[in-house]
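K.L.:
Residue numbers (my numbering): 586 to 849.
Below: one structure in structure tokens.
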């Protein structure tokens, strides 16, 4: 594949593993904010819900669907489906078709949805940044664990827009160079980014930590990524069935106590 240039700090060849971390579901418990942003955008698309307030019940239903969501803008469509009284189980079982139908019926496209989702977040931050951050907490204890990486290279690989990742990290006094955050802005797949990181750190173990099972299963099928160590977290947005399938596919499942504790 074509190489993609990665700019980073000094390349320190040590015995320490290099960590590449997913963000939502590994570091940040963003489900409430994602649901609320999705609802705000949905209100501008579908007039019948323009004045309906979001409910705690809708947010809890969104949490049940969250394991199948890949990119934030999909929350707009999930919230619409939930508002139309589709059950969380039904949405999960027919996810791709339901999402496609909702997009088609509204005569919109994914690029518009991504733009509106990002702009709505920007507007929320501009008007009440403290409230936005309050709805994007880090999982308990994660901030202290991340601070142990201060003296080594580490990366975030996410489908979230990078400016939002940076803002959430800085609110917890975690400072990561912008060029170590790989988000939607890069327009690269997680597999492409991981291939480039392997090339950048050829003599070190690269550990990728994710909460989404399909992402890890896809990586397992890529021969170029066979030297990666893959870990699925047990506290993120995945299900008991996901963790069972992970075990069947020989994926390592870690608890929060095992986070960033890989032996070389």
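The C-beta atom is built at its ideal place from N, Cα and C for all residues, glycine as well.
Is the distance from the Cβ of residue 815 to the Cβ of residue 823 below 8 Å?
P.N.:
Taking 8 Å as the Cβ cut-off, residue 815 and residue 823 do not qualify as a contacting pair.
K.L.:
Considering residue 740, what are the terminal residues of the beta strand (DSSP E) in which it resides?
P.N.:
739 to 742 is the span of the beta strand (DSSP E), which, as asked, contains residue 740.
K.L.:
DSSP puts residue 637 in a beta bridge; with which residues?
P.N.:
Bridge partners of residue 637: none, in fact.
K.L.:
Decide yes or no for the touch test of the stretch 690 to 703 against the stretch 648 to 661: beta carbon pairs closer than 8 Å, at least 3 of them.
P.N.:
Touching, per the Cβ criterion.
K.L.:
Tell me the DSSP bridge mates of residue 626?
P.N.:
Answer by DSSP bridge pairing: none, since residue 626 is not bridged.
K.L.:
Relative to the C-alpha of residue 649, which candidate in 832, 821, 756 has its C-alpha closest?
P.N.:
Per the Cα distances, 821.
K.L.:
Using C-beta distances below 7 Å, list every residue in its chain close to residue 684, excluding the 5 sequence neighbours before and after it, in chain order.
P.N.:
Closer than 7 Å at Cβ, skipping near neighbours: 659, 662.
K.L.:
Can you tell me whether DSSP reads residue 837 as helix, strand or coil?
P.N.:
Strand at residue 837.
K.L.:
Go through its chain and collect everything with a Cβ distance to residue 621's Cβ below 7 Å, but skip five positions before and after it.
P.N.:
639, 720, listed in sequence order.
K.L.:
The beta strand (DSSP E) spanning residue 655 covers which residue range?
P.N.:
Here residue 655 belongs to no beta strand (DSSP E), and DSSP marks it neither H nor E.
K.L.:
To the nearest whole angstrom, what separates the beta carbons of residue 702 and residue 614, a pair I think is in contact under 8 Å?
P.N.:
The Cβ separation is near 18 Å, so there is no contact.
K.L.:
Taking the Cβ atom as the reference point for each residue, do residue 743 and residue 608 lie within a distance shorter than 8 Å?
P.N.:
Cβ atoms of residue 743 and residue 608: closer than 8 Å.
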